[in-house]
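Just so we're aligned, residue 1 is where the sequence shown starts under full-length UniProt numbering, counting upward by one.
Even for Gly, the Cβ is constructed at its ideal location relative to N, Cα and C.
Quick caveat: nothing in here was measured; it's all calculated off a predicted structure.
Below: the structure, in structure tokens.
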Amino acid sequence: MCDQDVAALPSTSKIQSGLPVVDLGYQLQRATTFNDTGNCYNFLNIRYAQAPTGQLRFREPAYPKLDRVRVKTGDVERICPQARTVWSATSLQFVQQYLQGKTQFLPTDFPVNGSAVLDAFVQSQDPRESEDCLFLNIMVPKQIFDNRKNRKTKKAAALVWIHGGGYTAGSKTSDGSPAGLLARSQDNEGEGVIFTAMNYRLGALGFSSGPTFTKDGGTANAALYDQRAALIWVQQHIHLFGGGPKRITVIGESAGAGSLMHQITAFGGKPPAPLSQAILQSPGFQPVTSATQQEATYNTFLDLLNVTNLAQARQLPSASLRLANILQVGLSPYGQFT
Numbered sequence: 001m002c003d004q005d006v007a008a009l010p011s012t013s014k015i016q017s018g019l020p021v022v023d024l025g026y027q028l029q030r031a032t033t034f035n036d037t038g039n040c041y042n043f044l045n046i047r048y049a050q051a052p053t054g055q056l057r058f059r060e061p062a063y064p065k066l067d068r069v070r071v072k073t074g075d076v077e078r079i080c081p082q083a084r085t086v087w088s089a090t091s092l093q094f095v096q097q098y099l100q101g102k103t104q105f106l107p108t109d110f111p112v113n114g115s116a117v118l119d120a121f122v123q124s125q126d127p128r129e130s131e132d133c134l135f136l137n138i139m140v141p142k143q144i145f146d147n148r149k150n151r152k153t154k155k156a157a158a159l160v161w162i163h164g165g166g167y168t169a170g171s172k173t174s175d176g177s178p179a180g181l182l183a184r185s186q187d188n189e190g191e192g193v194i195f196t197a198m199n200y201r202l203g204a205l206g207f208s209s210g211p212t213f214t215k216d217g218g219t220a221n222a223a224l225y226d227q228r229a230a231l232i233w234v235q236q237h238i239h240l241f242g243g244g245p246k247r248i249t250v251i252g253e254s255a256g257a258g259s260l261m262h263q264i265t266a267f268g269g270k271p272p273a274p275l276s277q278a279i280l281q282s283p284g285f286q287p288v289t290s291a292t293q294q295e296a297t298y299n300t301f302l303d304l305l306n307v308t309n310l311a312q313a314r315q316l317p318s319a320s321l322r323l324a325n326i327l328q329v330g331l332s333p334y335g336q337f338t
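Here it is in structure tokens:
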């Protein structure tokens with residue numbers, strides 16, 4: 001496999017000090033692993049933006065600071081704070097019963113203890129969760145990487161993945177390994193492809209909005225700016241891995257596809273989105289065009305934080321924001337993610 005948690009890497013993918021180092025300008029990044037089966041270098045957990053904490057909370061991502069003292073190895077996995085809806089437990093019961101042949105339903109057919117579900121969400125924090133989560137992964141076939149400085153070699157195509165998850169959950173690794181995709185891209189003497197996947201902020205930390213929110217200095221839908229920053233990063237740095245900046249295809253699924261739709265249409269298409277092609281798989285998003293609804297959602301989040309404005313929210317510890325986000329997303333109306 002070419003993409004998996006470092007803690008679970010098989011013996012064929014050992015972390016090695018002799019792996020290649022790429023100079024990104026602001027930092028030096030060593031490949032985390034080399035996989036013998038996939039014959040690819042895994043450059044994991046590359047920082048593409050500063051930690052969106054403190055005064056950078058709820059704002060556009062900031063370019064990484066200069067940090068060249070130590071070579072980064074990407075051996076610490078990060079994902080953005082996660083949340084899930086209580087109604088997802090109900091929907092799972094429905095699907096299971098429907099697949100068993102049941103076609104008539106009553107609300108009482110789906111008993112769910114909302115408080116218990118929320119408590120379980122709160123207690124089951126993934127140790128990888130952190131507000132400092134704006135990282136991406138790059139998996140590049142060895143042949144492509146080794147030929148990156150050969151001017152006679154055509155630059156490889158790059159495939160960028162934007163994960164789904166209702167805009168409240170998911171990560172750059174949540175959809176499994178691209179190893180099969182990379183292998184197929186090299187079948188029959190194929191030129192291969194570079195695979196990239198990104199994290200972006202989720203839930204209230206990434207998709208807050210509203211007149212008061214922006215007046216207080218917040219950036220509406222900051223997560224879309226995270227994605228934009230990652231796409232620009234790929235366009236500017238992919239040549240260092242053997243890829244062509246004009247050969248970037250972005251794929252999104254569900255919330256990732258809905259995000260990709262917004263990337264294509266953002267700013268009226270001027271400047272154009274930093275990509276060459278796009279594949280949208282089941283795009284989904286629920287427009288919140290009412291300022292009243294945006295205000296209500298924002299005020300509920302502040303109430304859950306027990307603060308009155310964004311400045312106070314920026315002073316809180318991450319644990320407080322994680323809990324408020326879990327509660328707000330968890331109690332979303334059926335079919336919505338708040």
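Counted within 10 angstroms of its Cβ, other Cβ atoms place residue i as buried (16 or more) or exposed
| i | result |
| --- | --- |
| glycine 114 | exposed |
| asparagine 137 | buried |
| serine 185 | buried |
| serine 254 | buried |
| glutamine 235 | buried |
| glutamine 208 | Checking the sequence shown, residue 208 turns out to be serine, not glutamine. It is buried - the Cβ of serine 208 has at least 16 other Cβ atoms within 10 Å. |
| alanine 311 | exposed |
| threonine 308 | exposed |
| proline 64 | buried |
| residue 339 | Here the chain covers residues 1 to 338 and nothing more, so residue 339 does not appear. |
| threonine 292 | exposed |
| residue 339 | Because the chain here runs from 1 to 338, residue 339 falls outside it and cannot be looked at. |
The beta strand (DSSP E) enclosing residue i, as first and last residue numbers
| i | result |
| --- | --- |
| alanine 197 | 193-198 |
| isoleucine 248 | 243-253 |
| leucine 280 | 277-281 |
| phenylalanine 58 | Counting along the chain, phenylalanine 58 falls outside any beta strand (DSSP E), and DSSP gives it neither H nor E. |
| asparagine 221 | Note, asparagine 221: premise wrong, no beta strand (DSSP E); not H, not E. |
| asparagine 42 | 40-47 |
| alanine 156 | 156-162 |
N- and C-terminal bounds of the alpha helix (DSSP H) containing residue i
| i | result |
| --- | --- |
| phenylalanine 213 | 211-215 |
| arginine 322 | 318-330 |
| isoleucine 144 | 142-146 |
| tyrosine 98 | 87-99 |
| glycine 166 | Per DSSP, glycine 166 belongs to no alpha helix (DSSP H) and is neither H nor E. |
| valine 122 | 114-123 |
| phenylalanine 207 | 203-207 |
| residue 344 | Given that the chain is displayed from residue 1 to residue 338, the structure contains no residue 344 and the question cannot be resolved. |
| glutamine 312 | 310-313 |
Whole-angstrom distance between residue j and residue i, CA atom to CA atom
| i | j | result |
| --- | --- | --- |
| aspartate 119 | serine 88 | 15 Å |
| glutamine 227 | tyrosine 48 | 10 Å |
| glutamine 143 | asparagine 150 | 11 Å |
| threonine 338 | glutamine 328 | 7 Å |
| alanine 230 | proline 283 | 20 Å |
| leucine 66 | histidine 237 | 16 Å |
| glycine 252 | isoleucine 232 | 16 Å |
| threonine 32 | phenylalanine 145 | 14 Å |
| leucine 44 | proline 271 | 29 Å |
| proline 178 | glycine 242 | 18 Å |
| lysine 215 | leucine 316 | 20 Å |
| methionine 139 | lysine 246 | 18 Å |
| threonine 53 | arginine 314 | 8 Å |
| phenylalanine 58 | leucine 321 | 12 Å |
| residue 340 | arginine 70 | Nothing can be reported for residue 340, as the shown portion of the chain is limited to 1 through 338. |
| serine 290 | threonine 212 | 13 Å |
| arginine 68 | valine 21 | 12 Å |
| glutamate 189 | glutamine 82 | 41 Å |
| alanine 278 | valine 288 | 25 Å |
| alanine 183 | glutamate 129 | 30 Å |
| proline 274 | proline 107 | 46 Å |
| glycine 206 | glycine 217 | 14 Å |
Beta-bridge pairing of residue i - partner residues as DSSP gives them
| i | result |
| --- | --- |
| asparagine 137 | Ala197 |
| valine 22 | Gln29 |
| arginine 128 | The partner list for arginine 128 (beta bridge, DSSP) is empty, contrary to what the question assumes. |
| isoleucine 79 | Glu129 |
| lysine 72 | Gln29 |
| phenylalanine 301 | In the DSSP output, where bridge partners are listed per residue, phenylalanine 301 has none listed. |
| asparagine 35 | Cys40 |
Three or more beta-carbon pairs under 8 Å between the segment 219-234 and the segment 248-261, yes or no? yes
Counting Cβ pairs, one atom from each stretch, are 3 or more of them under 8 Å apart for the segment 33-41 and the segment 292-301? Contact between the segment 33-41 and the segment 292-301 is absent, because fewer than three Cβ pairs lie under 8 Å.
Give a yes or no on contact between the segment 330-338 and the segment 68-79, applying the rule of three or more CB pairs nearer than 8 Å. no
I'd like to know if the segment 124-138 and the segment 163-170 are in contact, where contact means that at least 3 CB-CB pairs between them fall below 8 Å. No, the segment 124-138 is not in contact with the segment 163-170.
Using a Cβ distance threshold of 8 Å, determine whether the segment 193-211 contacts the segment 154-168, with at least three qualifying pairs required. yes
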